[in-house]
């Protein structure tokens, strides 16, 4: 019985996570620039 309860609880958690990803979201690019390592013009190229 304990095995079934654990399986049911795990399935409920998995389904709740899957339902969250189905929500439509705006597309967004997160760009983290590390100063001297990445040219600052790269971000401008992504926004074109």
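In my numbering, the protein residues as written are 260 to 307. The beta carbon of each residue, even a glycine, is placed where N, CA and C say it ideally should be. Owing to the predicted nature of the structure, the values given are computational and were not obtained by experimental measurement.
- Here the alpha carbons of residue 261 and residue 288 stand approximately 44 Å from one another.
- In the three-state DSSP reduction, residue 303 falls in the helix class (H, G or I).
- In the structure shown, the three-state DSSP call for residue 277 is helix.
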